[in-house]
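The end of the sequence shown is residue 345 by our numbering, with every number in the run present.
No residue lacks a Cβ here, since even glycine has one placed at the ideal position from N, Cα and C.
Okay, so here's the structure we're looking at.
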Amino acid sequence: MSMRYLALGVAMVLLMCGLALAHDVWFIKGDGAFVLAYGHGNELEKYDTKKVKEIKALSKNGEAVAIKIVEGDGEIKVIPSDASKELAILTAFFDNGYWVKTPEGWKNLSKVEYGKPVEDSSHPLKYTKLILSWSESTFKPVGLEFEIVPLSQPSKGKDLEVQVLYKGKPLAEATVEVMGVDKTFKTDQSGKAIISELKEGYNVIVASYKIPLEDKTYADKLSLSSTLTFELK
């Protein structure tokens, strides 16, 4: 499995090591199926498939496309099952639950469940969008709570402008990067950032942002991440 992932050339240079919260989710195109991957680029991990709360498939016109969801050993595969509609966009929402940083490391528990003082705590929510076919609808949001929207179709040798939205509104000061590239960008007041360093083949753009929680009973903050995957030919 890992060799197949590596063959797609998706890798990430980590800015911070050892943080469970830095994991992302994204789709990897395989033979007739799409695997929902979880991890740090080529450092993939199995996951509790119950954490995947929603998967949607859309056509070029934004219509729902029927899919078959197959749960395996620590991963989910998505198989298109409607030959009459071309699959253009695939999205997913992954709720990673509560995490606390303890003297023993990060644990997938809430502050209440751990029951002792913690060094840090978070509730990571992860979103992803895979674009398979470009049309006017791909330049519009599809309704993810935390979403990266490309503002044009990527092309070789050119930068790509994207907009990061949270609950449908532009989000300033979100961190944006490309997996495998040791360079980060920040969104401006309109939620936009210009991304360079794109490569031929599959690119995964990652946006992240942290929001302090008013109710800190279970965790101190939301850790949001969203990925946008596309193939640059």
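- Using a 10 angstroms sphere on the CB of Asn315, the tally of other CB atoms reaches 16 or more, which defines it as buried.
- Looking at the DSSP output, Ala204 bridges to Ile167, Thr240.
- Residue Glu285 holds the alpha-carbon nearest to the alpha-carbon of Val276 among Glu309, Lys165, Glu285.
- Shortest Cα-Cα distance from Ala169 to any of Lys158, Ile181, Tyr159, Asp160 involves Ile181.
- In the structure shown, Thr341 adopts extended strand secondary structure according to DSSP, grouped into three states.
- Lys311 and Thr299 have their alpha carbons spaced roughly 21 Å apart.
- Just measuring C-alpha positions, the residue of Glu155, Ala145, Phe146 sitting nearest Asp136 is Glu155.
- The shortest C-alpha to C-alpha distance from Ser245 to any of Ala134, Ser171, Val147, Ala145 is the one to Ser171.
- Straight-line measurement puts the Cα of Gly269 at about 45 Å from the Cα of Ser222.
- Membership of Lys223 in the alpha helix (DSSP H) is indicated by the continuous run 223 to 226.
- Gly209 and Leu242 have their alpha carbons spaced roughly 23 Å apart.
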